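Participant:
Protein chains: 2
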Amino acid sequence: MTVNAVADAADQRREEMLLAAAQLITERGFSDTRIADVAGRVGASPALVIYYFGTKDRLLTEALRYSEKSFYAAADEMLERTPSARDRLETLVRMTCVPHGDADLPAAWGLWFELWATAFRVEEIGRDRIELDQRWRDVIARVVRDGQAAGELGKVDAEDFAVTFSALLDGLSIQVALRDPVVDPDRAFAIAMRFAATSLGTDWRPRRRPVSVIARQRLAGSR
Amino acid sequence: MTVNAVADAADQRREEMLLAAAQLITERGFSDTRIADVAGRVGASPALVIYYFGTKDRLLTEALRYSEKSFYAAADEMLERTPSARDRLETLVRMTCVPHGDADLPAAWGLWFELWATAFRVEEIGRDRIELDQRWRDVIARVVRDGQAAGELGKVDAEDFAVTFSALLDGLSIQVALRDPVVDPDRAFAIAMRFAATSLGTDWRPRRRPVSVIARQRLAGSR
DNA sequence: CGCCTTTGACTGACTGTTCAGTCTAAGGAG
DNA sequence: CTCCTTAGACTGAACAGTCAGTCAAAGGCG
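Those protein sequence lines, which keep their order, are chains A and B.
With the working numbering applied, the first sequence covers 5 to 227.
With the working numbering applied, the second sequence covers 5 to 227.
Okay, here's the thing in structure tokens:
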């Protein structure tokens, strides 16, 4: 047990570092993130970070993978708690298109850009992204199929819908992340839901929901 | 005249550097692009690059702007040569979703990722991107309105369509750029066109067109 | 003691930027 | 036409700062 206690402490340290690295990647970009920054944020020496990860590159790529996986894990978990297909769709859209103040949810906005840019150039990250994106489409497709089985959604090819819908969500999230005044979070949300409703043969009308306070703050905080 | 000749030569030099910088940004990423690389590619000394742009940052941001504008200029020009609304839509989709071998067309794939990542963190680039993206949506909206005026397209809000369609195109182009096996260029093209046709009340059936040889090479050349 | 964790000090490589000065060509004066 | 001046383009060498990674030693826990 004591051995495990030590190991657990070390694991926790590692995870702290990964989280800090992910945050820093979001803030400063992948290759402008310094080991010293990560070390400073977790209150350790740069040498210790190297001790744990061996090299800067491994730290950063692991950090990217870590937050990617956390995002999809969070998605899975949220969906399990949500019964109706329509609410599930809303959850998915909100996860991608609406700013969430949860700072520790690693899917913070800028990270996707860094992930794409890195995936484009680093084979290993690229493979990972393809795999996880497939998982994301599977999640969408499963929501659709479940909804169809429950008679809630009309008849469409779930796979096809997932491909198109995930692309649309990506595109909308770009605009939202880059604070495009024409595509604010509310509008992105409405566009995504309208598309889903039309494609899936259900109805969805925008109910004027106030954006959460946190989301407002996040948006106002743009310099 | 001789004075202008010199000035033109200098302008050309500048443009060479911008082009080289844009290519390097695509290959290595924004902040992994070295002045020495740019200098080497145009056969000059690093000092000369500084001589022209004053600072590395100015060089890189100008390079981003330069290729962004070139892309939209190319779009405008291509559309002017295309009469029918349907062909125009195809052109737009092909420009964003289908790999083009034109190496000097600066909208090479990876550049968008760098642009987004930089726009997310650098105020100045962010403003620029918002403005140019609006112009892009305007281009789409105009195509739609022209097509409606010609009776070719059904009645929809052109602005709304432009927002949704441009987001979809962005999302699809991400998958294509990252070589997702599920969303190859042909499928992305088909998805985009099907969406456009459905939304705009026209018909479009995928005709099995072979991808150009250049596009094939480009794709096969992925390491 | 023995093992794992942690650190401060250090270094070697890299790189943006400066600077002093060279080379070329243009322009004007005689 | 020839000589001289001037300006702009251009460079090599040097500088200064940054930063990933090394290492020997210390700390602490069992």
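The C-beta atom is built at its ideal place from N, Cα and C for all residues, glycine as well.
Keep in mind that this is a model prediction, so the values were computed, not measured.
Could you pull out every residue in the same chain whose Cβ sits closer than 8 Å to the Cβ of F169(A), ignoring the five residues on either side in sequence?
Facilitator: I144, A196, F199, A200, S203
Participant: Hey, how far is the Cα of G114(B) from the Cα of G155(A)?
Facilitator: 42 Å
Participant: Excluding the 5 residues preceding and the 5 following Y70(B) in the sequence, name in chain order all residues of the same chain whose CB lies nearer than 6 Å to its CB.
Facilitator: L22
Participant: Is the CB-CB distance between V42(B) and A25(B) below 7 Å?
Facilitator: yes
Participant: What residue range does the alpha helix (DSSP H) around S203(B) cover?
Facilitator: 189 to 204 is the extent of the alpha helix (DSSP H) around S203(B).
Participant: Could you name the residues of chain A that L176(B) contacts, counting a contact when the two beta carbons are closer than 7 Å?
Facilitator: A171
Participant: Would you mind sorting G58(B) into buried or exposed? The rule is 16 or more other CB atoms within 10 Å of its CB.
Facilitator: exposed
Participant: For L136(A), tell me which candidate among F165(A), D188(A), G44(A), Y76(A) has the shortest Cα-Cα distance.
Facilitator: Y76(A)
Participant: Is it the case that the Cβ atoms of R149(B) and A166(B) are separated by a distance below 7 Å?
Facilitator: no
Participant: DSSP three-state label for E156(A), please.
Facilitator: coil
Participant: Counting contacts by CB-CB distance shorter than 7 Å, is S203(B) in contact with chain A?
Facilitator: Judged by the 7 Å Cβ criterion, S203(B) is not in contact with chain A.
Participant: Indicate whether at least one CB of chain A lies closer than 7 Å to the CB of E118(B).
Facilitator: Yes, because at least one Cβ of chain A sits closer than 7 Å to the Cβ of E118(B).
Participant: Is A67(A) buried or exposed, if buried means 16 or more other CB atoms sit within 10 Å of its CB?
Facilitator: Of the residues assessed, A67(A) falls on the buried side of the cut-off, its CB having 16 or more other CB atoms within 10 angstroms.
Participant: Give me the subset of the region 156 to 167 of chain A whose CB atoms are less than 7 Å from a CB atom of chain B, sorted by chain position.
Facilitator: Along the region 156 to 167 of chain A, going in chain order, the ones with a CB nearer than 7 Å to a CB of chain B are V167.
Participant: Check whether the Cβ atoms of L172(A) and A171(B) lie closer than 7 Å to each other.
Facilitator: yes
Participant: Output yes or no for whether 7 Å exceeds the beta carbon distance between A123(A) and G130(A).
Facilitator: yes
Participant: Measuring straight from C-alpha to C-alpha, what distance separates L96(B) and R45(B)?
Facilitator: 31 Å
Participant: If you compare alpha carbons, which of I134(B), D188(B), R133(B), A89(B) is closest to Q152(B)?
Facilitator: A89(B)
Participant: I'd like the list of long-range same chain contacts for G33(A), defined as Cβ closer than 7 Å, with 5 residues on each side in sequence excluded.
Facilitator: E118
Participant: According to the Cβ coordinates, are V180(A) and C101(A) closer than 7 Å?
Facilitator: yes
Participant: Closer than 7 Å, CB to CB, is F75(A) near chain B or not?
Facilitator: no
Participant: Output, in chain order, the set of chain A residues within a Cβ distance shorter than 8 Å of F199(B).
Facilitator: T168
Participant: If you reduce the DSSP assignment to three classes, tell me which class R92(A) lands in.
Facilitator: Reduced to three states, the DSSP call for R92(A) is helix.
Participant: Using 7 Å as the threshold, is the C-beta distance between D174(B) and I178(A) below it?
Facilitator: yes
Participant: Find the nearest neighbour of R18(A) within the set Y55(A), P103(A), R125(A), judged by alpha-carbon distance.
Facilitator: Among Y55(A), P103(A), R125(A), the Cα nearest to that of R18(A) belongs to Y55(A).
Participant: Could you pull out every residue in the same chain whose Cβ sits closer than 7 Å to the Cβ of D207(B), ignoring the five residues on either side in sequence?
Facilitator: A201
Participant: Just mark V160(B) as buried or exposed, buried being the case when its beta carbon has 16 or more other beta carbons within 10 Å.
Facilitator: exposed
Participant: Less than 7 Å between the C-beta atoms of S35(A) and S49(B), yes or no?
Facilitator: No, the Cβ-Cβ distance between S35(A) and S49(B) is not below 7 Å.
Participant: Keeping to the same chain, check which residues put their C-beta closer than 8 Å to that of D80(B); ignore five residues upstream and five downstream.
Facilitator: V143
Participant: Tell me the rounded alpha-carbon separation between E20(A) and D184(A).
Facilitator: 33 Å
Participant: Checking contacts by CB at 7 Å: is A79(B) closer than that to chain A?
Facilitator: no
Participant: Within its chain, find whatever has a CB closer than 8 Å to the CB of T86(B); leave out the 5 residues flanking it on each side and keep chain order.
Facilitator: Excluding sequence neighbours, T86(B) sits near R92, T95.
Participant: Name the two residues that bound the continuous alpha helix (DSSP H) containing I176(B).
Facilitator: Here residue 176(B) is Leu; the residue named in the question, Ile, does not match the sequence. It spans 162 to 181 - the alpha helix (DSSP H) in which L176(B) sits, taken as one unbroken run.
Participant: In chain order, what are the residue ranges of uninterrupted alpha helix (DSSP H) at least 4 long that sit wholly in the region 39 to 84 of chain B?
Facilitator: DSSP runs (the alpha helix (DSSP H)) wholly in the region 39 to 84 of chain B: 39 to 46, 50 to 57.
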